[in-house]
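Quick notes on the structure that follows.
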Amino acid sequence: MKVASIDVGSYSIRLSVAEVNAGLELIHEEGRITALATDLKDSGLLRQDRIEESLEVIREFFQKAKSLGAERIKIVGTEALRRAKNAEDFLERLKALTGLELRVITPEEEGRYAFLSVAYSLRPSGRFCIIDQGGGSTEFVCGRGFQIESIRSFPFGIVNLTEEFIHSDPPKNYELESLKNFLDEHIREVVQPCDELVGLGGTITTITAIEYGIYPYRGKDIHGKELSLDRLMFWLETLSSMKERDRIANFPHIEPKRAKVIIPGLVIFYRSMVLFGKNRIRVSDWGLKEGLLVEETLRCGN
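So the sequence shown is numbered by our numbering: it starts at 12 and just counts up by one.
So, in structure tokens, the structure goes:
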């Protein structure tokens, strides 16, 4: 049976299509940045232009999944749709356009699906903690095997952190210091002993692509790679010293819409590694959307 999943995130929308009869075999993956949560923190509303672009991307992904033979399409939304006052209007328009019923999941569910994708695909040994950095929220989930022991979701991600802390191009030292202090205060609340850290999200996969010279982007070549704290700090220092346009010009790995918001994502992983006392972090290309498919696979007994 072929099943598809669509993750409507605060910054990007992503599609996965997989065969789930005998284990889980990914057939197609695709993502598009629509920045759905732009200005949401100040207005409490999804911007109309972000709604239109996001609905069009979902319509395209729906048609793609159908053309690949998907019998079921699971679609979920996260922080932007949890917070927006006009989220219901978005959901109604989506249903009218595609017939799909989008489920807005809780932060805990978001963390559980991300953890499930890592547990299934990377099989970390011992106790591990995942850091799932998104556009509007960041989840810290720790456990062993498939057993979750703790979940904590913070309502900050690369979109709202950029809007709140980064006002200069390139960012000034005091902006980065303010961001670091803010993140340290929150991350300290979730620090606990673990054998391994695993990073998820577009920031860390993009930096991994740059570090390993992977271009065009290929998720299967990113999945399972490691980054050292020294190299993560190197890329943070390098990119934060550049103007947004220069990040795009010098590193084709960075999607143009990601160039503005990549710095807060890097600071999240940098401070997490320091506070957890880890010199290395493993990188997962799998996340929420794959977790939805893993759930389906396990339900089928595979």
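Backbone N, C-alpha and C define an ideal beta-carbon position, used for all residues, glycine too.
Practice prompt. For L105, collect the residues of the same chain with a Cβ closer than 7 Å to its Cβ; drop the 5 residues on either side in sequence, then sort them by chain order.
Written response: Stepping through the sequence shown from its first residue, residue 105 is reached at position 94. So the qualifying residues of the chain are L66, I69, L111, L113.
Worksheet item: Smallest Cα separation from L304: which of A125, I259, K183, D180?
Response: Stepping through the sequence shown from its first residue, residue 304 is reached at position 293. Measuring C-alpha to C-alpha distances from L304 to each of A125, I259, K183, D180 identifies A125 as the nearest.
Practice prompt. Within the same chain, show all residues whose beta-carbon is closer than 6 Å to that of I86, passing over the 5 residues directly before and after it, in chain order.
Written response: Sequence index remark: in the sequence shown, residue 86 carries index 75 (1-based). Same-chain partners within the cutoff: I17, L111, L113.
Worksheet item: Start and end of the alpha helix (DSSP H) containing D143?
Response: In the sequence shown, the residue the question calls residue 143 occupies position 132. Taken as a continuous stretch (DSSP letters only), D143 belongs to no alpha helix (DSSP H), being part of the beta strand (DSSP E) at 138 to 144.
Item to complete: Would you mind stating whether L247 and V272 have Cβ atoms separated by less than 8 Å?
Response: The residue you call residue 247 lines up with position 236 of the sequence shown. The residue you call residue 272 lines up with position 261 of the sequence shown. Against a cut-off of 8 Å, the Cβ pair of V272 and L247 comes out as no contact.
Practice prompt. Starting from the C-beta of D206, find all residues in its chain whose C-beta is less than 8 Å away, skip the five residues before and the five after it, and write them out in chain order.
Written response: Within the sequence shown, numbered from 1, the residue matching residue 206 stands at position 195. Closer than 8 Å at Cβ, skipping near neighbours: P135, S136, G137, R138, F139.
Discussion item. For the region 92 to 100 against the region 25 to 42, do three or more pairs of beta-carbon atoms, one drawn from each stretch, fall closer than 8 Å, so that the two count as touching?
Written reply: In this structure the region 92 to 100 does not touch the region 25 to 42; the number of beta carbon pairs closer than 8 Å is below three.
Worksheet item: So, are the CB atoms of I177 and E186 less than 8 Å apart?
Response: Your numbering for residue 177 matches position 166 in the sequence shown. Your numbering for residue 186 matches position 175 in the sequence shown. Going by C-beta atoms, I177 is nearer than 8 Å to E186.
Item to complete: Please list, in chain order, all residues of the same chain as F73 whose beta carbon is under 6 Å from its beta carbon, the five residues on each side excluded.
Response: Here residue 73 refers to the residue found at position 62 of the sequence shown. Excluding residues within five positions, the ones whose Cβ falls inside 6 Å are T109.
Worksheet item: Where I198 and L172 are concerned, what is the direct C-alpha to C-alpha distance, given to the nearest angstrom?
Response: In the sequence shown, counting from the first residue as 1, residue 198 sits at position 187. In the sequence shown, counting from the first residue as 1, residue 172 sits at position 161. Rounded to whole angstroms, the gap between the alpha carbons of I198 and L172 is 14 Å.
Worksheet item: What's the gap between the Cα of Q59 and the Cα of N290?
Response: Within the sequence shown, the letter at position 48 stands for residue 59. Within the sequence shown, the letter at position 279 stands for residue 290. Those two C-alpha atoms are separated by around 43 Å.
Discussion item. Once DSSP output is grouped into helix, strand and coil, what is the label at T216?
Written reply: For the purposes of this step, residue 216 is taken as residue 205 along the sequence shown, with counting starting at 1. Secondary structure of T216 (DSSP, three-state): helix.
Worksheet item: Assuming I142 and G210 make a contact with CB atoms under 8 Å, what is their CB distance in whole Å?
Response: Position 131 of the sequence shown holds residue 142. Position 199 of the sequence shown holds residue 210. In this structure, I142 and G210 form a Cβ contact; the two beta carbons are roughly 5 Å apart against a cut-off of 8 Å.
Worksheet item: When the Cα atoms are used, what is the spatial distance from L133 to L238?
Response: Reading the sequence shown from its first residue, position 122 is the one you call residue 133. Reading the sequence shown from its first residue, position 227 is the one you call residue 238. The straight-line gap from Cα to Cα measures roughly 15 Å.
Worksheet entry | Host beta strand (DSSP E) of I18 (start-end) | Residue numbering aside, residue 18 sits at position 7 when the sequence shown is read from its first letter. According to the sequence provided, residue 18 is Asp. The question's Ile does not apply to it. For D18, the enclosing beta strand (DSSP E) has its first and last residue at 13 to 19.
Item to complete: Compute the beta-carbon to beta-carbon distance between K191 and R282, rounded to the nearest angstrom, for a pair I have assumed lies under 8 Å.
Response: Within the sequence shown, numbered from 1, the residue matching residue 191 stands at position 180. Within the sequence shown, numbered from 1, the residue matching residue 282 stands at position 271. Rounded, the Cβ-Cβ distance is 6 Å, consistent with contact.
Worksheet entry | Where V74 falls: helix, strand or coil (DSSP) | Within the sequence shown, numbered from 1, the residue matching residue 74 stands at position 63. Rather than Val, the amino acid found at residue 74 in this sequence is Gln. Here Q74 sits in helix by DSSP.
Discussion item. Could you compute how far the alpha carbon of E150 sits from the alpha carbon of G122?
Written reply: The residue labelled residue 150 in the question sits at position 139 within the sequence shown. The residue labelled residue 122 in the question sits at position 111 within the sequence shown. Taking the straight line joining both Cα atoms gives about 6 Å.
Worksheet entry | Cα-Cα separation, G235 to Y228 | Along the sequence shown, one-based indexing puts residue 235 at 224. Along the sequence shown, one-based indexing puts residue 228 at 217. About 14 Å.
Item to complete: With a floor of 4 residues, list each alpha helix (DSSP H) that falls wholly inside the region 236 to 310, ordered by position along the chain.
Response: DSSP runs (the alpha helix (DSSP H)) wholly in the region 236 to 310: 240 to 251, 255 to 261, 273 to 287, 299 to 310.
Worksheet entry | Closest by C-alpha distance to D180, when choosing among R93, R258, F287, S295 | Working through the sequence shown from its first residue, we reach residue 180 at position 169. D180 has its Cα closest to that of R258, out of R93, R258, F287, S295.
Worksheet entry | Span separating the alpha-carbon of S21 from that of E175 | Counting from 1 along the sequence shown, the entry for residue 21 is found at position 10. Counting from 1 along the sequence shown, the entry for residue 175 is found at position 164. The alpha-carbon atoms of S21 and E175 are separated by roughly 16 Å.
Practice prompt. Could you check how far apart the C-beta atoms of L286 and V202 are, in whole angstroms? I think they sit under 8 Å.
Written response: Looking up residue 286 in the sequence shown gives position 275. Looking up residue 202 in the sequence shown gives position 191. With a Cβ gap of about 5 Å, L286 and V202 count as contacting.
Worksheet item: So, helix, strand or coil for I62, using DSSP?
Response: In the sequence shown, the residue the question calls residue 62 occupies position 51. DSSP places I62 in helix when its eight states are reduced to three.
Item to complete: Could you check if K231 is buried or exposed, using at least 16 other CB atoms within 10 Å of its CB as the buried criterion?
Response: As a working note, residue 231 is residue 220 in the sequence shown. It counts as exposed.
Worksheet item: Excluding the five sequence neighbours on either side, which residues of its own chain have a C-beta within less than 7 Å of the C-beta of E266, listed in chain order?
Response: Position 255 of the sequence shown, counting from 1, holds the residue named residue 266. Answer for E266: I44, listed in chain order.
Fill in: DSSP state of S54 mapped onto helix, strand, coil
As a first step, residue 54 must be located in the sequence shown, where it is residue number 43. If DSSP states are grouped into helix, strand and coil, S54 belongs with the helices.
Item to complete: Could you check the C-alpha separation between E90 and G302 for me, to the nearest Å?
Response: Working through the sequence shown from its first residue, we reach residue 90 at position 79. Working through the sequence shown from its first residue, we reach residue 302 at position 291. If you draw a straight line from the Cα of E90 to the Cα of G302, it comes to about 17 Å.
Discussion item. For K300, count the other beta carbons within 10 Å of its own beta carbon; 16 or more makes it buried, fewer makes it exposed. Which is it?
Written reply: In the sequence shown, the residue the question calls residue 300 occupies position 289. Label assigned to K300: buried.
Worksheet item: Mind checking R83: buried by the 16 CB within 10 Å criterion, or exposed?
Response: On the sequence shown, position 72 is the one that residue 83 refers to. With fewer than 16 Cβ atoms within 10 Å of its Cβ, R83 is classed as exposed.
Worksheet item: Which residues bound the beta strand (DSSP E) around H39?
Response: Looking up residue 39 in the sequence shown gives position 28. 36 to 44 is the extent of the beta strand (DSSP E) around H39.
Discussion item. Quick check on the DSSP output: what are the complete alpha helix (DSSP H) runs of length 4 or more inside the region 156 to 217, in order along the chain?
Written reply: Runs of the alpha helix (DSSP H) inside the region 156 to 217: 169 to 176, 184 to 198.
Discussion item. For L108, report the span of its alpha helix (DSSP H) as first-last.
Written reply: Mapped onto the sequence shown, residue 108 falls at position 97. Looking at the DSSP string, the run of the alpha helix (DSSP H) that includes L108 is 98 to 109.
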